[in-house]
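Notes follow the structure.
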Amino acid sequence: MELPASVIVESLSDWVIDASVFQHSDPIFRGVRVYTGLEDTLSENILYVCEPRLLYESDVRRFNQHYVIIKPCPFDYQPSNAIILSEKCNLRHITNILINLFLEMAEYAYEIKIASIANCGYDAFSKIAERAFPHCLVLMTDVTYNIIWKTREHVKPRYLNKIIERNFYSKSDLDTMADRGYFQDERKYFQPVLYDPDFTISGLPFMVRSYRSQKGALINATMSFVGCYFLDAPPTKRDYVLFQCLTDEIYRLMEANETKIAQMTNFLRTYCTVPYYGIFQYYNSVLILFQDWRYYDVRQKADFEEEWKNLIKTLLSCRTKMGISLGFDSIQDFGQAYVQALRSFRAGCQNRKNDVTYFYSEYYLLDMIAQYDSIIDLNRAYSRCLDQLNGGKSGTLDNLQLLYVYLSVERNVAHTARLVHMHRNGVLYRIEKIKDTLGLDLESSEVRLRLMISFKIMEYLGKVNLDVLPALEDENQIFQIE
83 MELPASVIVE
93 SLSDWVIDAS
103 VFQHSDPIFR
113 GVRVYTGLED
123 TLSENILYVC
133 EPRLLYESDV
143 RRFNQHYVII
153 KPCPFDYQPS
163 NAIILSEKCN
173 LRHITNILIN
183 LFLEMAEYAY
193 EIKIASIANC
203 GYDAFSKIAE
213 RAFPHCLVLM
223 TDVTYNIIWK
233 TREHVKPRYL
243 NKIIERNFYS
253 KSDLDTMADR
263 GYFQDERKYF
273 QPVLYDPDFT
283 ISGLPFMVRS
293 YRSQKGALIN
303 ATMSFVGCYF
313 LDAPPTKRDY
323 VLFQCLTDEI
333 YRLMEANETK
343 IAQMTNFLRT
353 YCTVPYYGIF
363 QYYNSVLILF
373 QDWRYYDVRQ
383 KADFEEEWKN
393 LIKTLLSCRT
403 KMGISLGFDS
413 IQDFGQAYVQ
423 ALRSFRAGCQ
433 NRKNDVTYFY
443 SEYYLLDMIA
453 QYDSIIDLNR
463 AYSRCLDQLN
473 GGKSGTLDNL
483 QLLYVYLSVE
493 RNVAHTARLV
503 HMHRNGVLYR
513 IEKIKDTLGL
523 DLESSEVRLR
533 LMISFKIMEY
543 LGKVNLDVLP
553 ALEDENQIFQ
563 IE
């Protein structure tokens, strides 16, 4: 990763006596080396650290087109492009500081690149920003100024805390930003811009990078912004470089995703045979507003099943997955339905990677557990007696998994035996053993409810794998999912 001279000077501020050469320019360096005097030529964009003895033994003209770090010396020996440090500093120590600085910045840039290549969504950048800006609030919005991710859940400034608690910028916030000229500032679409506290709605230094759509009917429309609020200390030159690296990579990912999303939108409009009201491109998502299939007659349902299979084939061919919410009855519910579909998509991709469609009705409990996880330790939230269940004959499910199947089919022994490919008597024997181990009354609906919730918590914690169990429902019966 290349670093501007201003970051170098800032990192050595305790020792710098003179760096006036950088008053009118900010050259970029891609590394640092110790000058040995044996170099045939000096490399471009490299900052050299030179001991006084070697400086006096060398032709000073060698440094005319290159930059060097030196200690104070007579004017006749001083190179024109020099950072002059205190006589008391140790140049070896200075070299190590600069090497570590370049390494840290290179590792940061590499981590961001890996997050982008992995294509895990924009949330992956949140963890990186949290470590890079520990004393800041960094957040990203979507096209409607909803907060996609943020590095903090609470901050001390009340006005800013209200924004992150409600998770979006209100009309009042946007009007205030407009009054202060935010939307007229074209600079922020090309590079990060730092605003003084007097300019911002939060009263804090604010660094922001905004993005515009480059394709489609909404070309040049504002798509999103990434902002960094400096809570405890003013921003540094290093902060600016870190923020620029982060926002540049987000832009590259956003540009690539925008192309894929536009292609996917057009592809579905052409090949999706399932009845729908519209297919729309929304920021980094494709939204399909299906027609209500819950009241189809028998013939319509048969046709729909075939159309749905064709849609699955289309998604597979495009290497695409889909989260689905069935909770949309009126336009007022649209936002909530979108959130449900998005959460089912994320949970499904994590838990059932081989599936193509993920219904929120299948993942709502995991979603609730994930929210509860931020309040209490989930290891204390499930029935710990289940930890006692293990074992099972070779080639069969263990007792924990067997109990889950048994409870899932409403304690139907014959159905359980058929699903797990065991003899009915074998199932009966092991279920009795499980009852003796747990010491619970499985006739009680409250006990069964708690156990089923416990299974989902344990699945969330990775203590049990329920994906290896037999399918308890016919995947093709879309009308059974509510």
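So the sequence shown is numbered by the working numbering: it starts at 83 and just counts up by one.
Yeah, the Cβ is synthetic: ideal placement off N, Cα and C, and Gly gets one too.
1. Are the Cβ atoms of residue 536 and residue 465 separated by less than 8 Å?
2. Assign residue 299 to one of three DSSP states: helix, strand, or coil.
3. What are the start and end residues of each continuous beta strand (DSSP E) run of 3 or more residues lying completely inside the segment 135 to 177, in chain order?
4. Once the 5 residues before and after residue 499 are set aside, which same chain residues still bring their CB inside 7 Å of it?
5. Check whether the segment 130 to 146 touches the segment 111 to 119, taking contact to mean three or more Cβ pairs, one atom from each stretch, closer than 8 Å.
6. Identify the residues that DSSP records as bridge partners of residue 100: which are they?
7. Residue ranges of each beta strand (DSSP E) run of no fewer than 3 residues wholly in the segment 424 to 491, ordered along the chain?
8. Spatial neighbours of residue 93 within its chain, please: C-beta separation below 8 Å, excluding the five flanking residues on both sides.
9. Whole angstroms are fine: how far does the CA of residue 278 sit from the CA of residue 538?
10. Measure the CB-CB distance between residue 311 and residue 242 and report whether it falls below 8 Å.
11. Thinking C-alpha only, which one of 386, 415, 124, 426 is nearest residue 404?
12. May I ask which residues mark the beginning and end of the alpha helix (DSSP H) holding residue 390?
13. Identify whether residue 509 lies in helix, strand or coil by the three-state DSSP scheme.
14. What did DSSP end up calling residue 327 once you bin it into helix, strand or coil?
15. Around the C-beta of residue 363, are 16 or more other C-beta atoms found within 10 angstroms, so that it is buried, or is it exposed?
16. Mapping DSSP to helix, strand and coil, what is residue 229?
17. On the DSSP bridge assignment, give the partners of residue 312 in chain order.
18. For residue 223, does the three-state DSSP call read helix, strand or coil?
19. Give me the residue from 136, 345, 222, 263 with the minimum Cα distance to residue 305.
20. Please return the same chain residues whose Cβ sits closer than 8 Å to the Cβ of residue 299, not counting the five positions on each side in sequence.
21. Do the segment 250 to 264 and the segment 273 to 287 touch if we need at least three Cβ pairs shorter than 8 Å?
22. Give the DSSP-derived three-state secondary structure of residue 113 in the structure shown.
23. Across which residues does DSSP place residue 289 in a beta bridge pair?
24. What separation, rounded to the nearest whole angstrom, lies between the Cα atoms of residue 198 and residue 85?
25. Within the same chain, show all residues whose beta-carbon is closer than 8 Å to that of residue 283, passing over the 5 residues directly before and after it, in chain order.
26. Among 109, 316, 549, 486, whose alpha-carbon lies nearest the alpha-carbon of residue 534?
27. Does the structure place the segment 392 to 404 close enough to the segment 342 to 354 that three or more beta carbon pairs sit under 8 Å?
28. Does the beta-carbon of residue 457 have 16 or more other beta-carbons within 10 angstroms, so that it is buried, or is it exposed?
29. Would you kindly report the start and end of the unbroken alpha helix (DSSP H) that includes residue 204?
30. Given this structure, state the Cα-to-Cα distance separating residue 88 from residue 393, to the nearest angstrom.
31. Quick one: Cα of residue 530 to Cα of residue 493, how far?
32. Do you know offhand how far residue 442's Cα is from residue 125's?
33. According to DSSP, is residue 185 helix, strand or coil?
34. Tell me which residue opens and which closes the beta strand (DSSP E) that residue 404 is part of.
35. Rounding to the nearest angstrom, what Cα-Cα distance links residue 476 and residue 517 in this structure?
36. Could you check whether the segment 314 to 329 touches the segment 200 to 220, counting it as contact only if at least three pairs of C-beta atoms, one from each stretch, sit closer than 8 Å?
Looking at the coordinates:
1. yes
2. Unreliable placement is indicated for residue 299, whose pLDDT of 49 sits below 50; no coordinate value is reported for it.
3. 149 to 152, 164 to 167
4. 505, 506, 509
5. yes
6. 166
7. With a minimum length of 3 residues, the continuous beta strand (DSSP E) runs that stay inside the segment 424 to 491 are 439 to 441.
8. 179, 180, 183, 320
9. Those two C-alpha atoms are separated by around 48 Å.
10. It is a contact, given that the beta carbons lie within the stated cut-off.
11. 426
12. 380 to 399
13. helix
14. Helix.
15. Buried, since its Cβ has 16 or more Cβ neighbours within 10 Å.
16. strand
17. 218
18. strand
19. 222
20. Reliability fails at residue 299, whose pLDDT of 49 lies under 50, so the model's placement of it is uncertain and the value that follows must be treated cautiously. Closer than 8 Å at the Cβ level, and outside the excluded window around residue 299, lies no residue.
21. yes
22. strand
23. 276, 310
24. One C-alpha to the other measures close to 21 Å.
25. 241, 255, 258, 259, 262
26. 486
27. The segment 342 to 354 vs the segment 392 to 404: in contact.
28. The residue in question, residue 457, is exposed, as its Cβ has fewer than 16 Cβ neighbours within 10 Å.
29. Segment: none, residue 204 is in no alpha helix (DSSP H) and carries neither H nor E.
30. 55 Å
31. 10 Å
32. 58 Å
33. helix
34. 404 to 406
35. Here the model assigns residue 476 a pLDDT of 49, short of 50, so the residue's position is not dependable, and the following value carries that caveat. Near 21 Å, if we compare the C-alpha coordinates of residue 517 and residue 476.
36. yes
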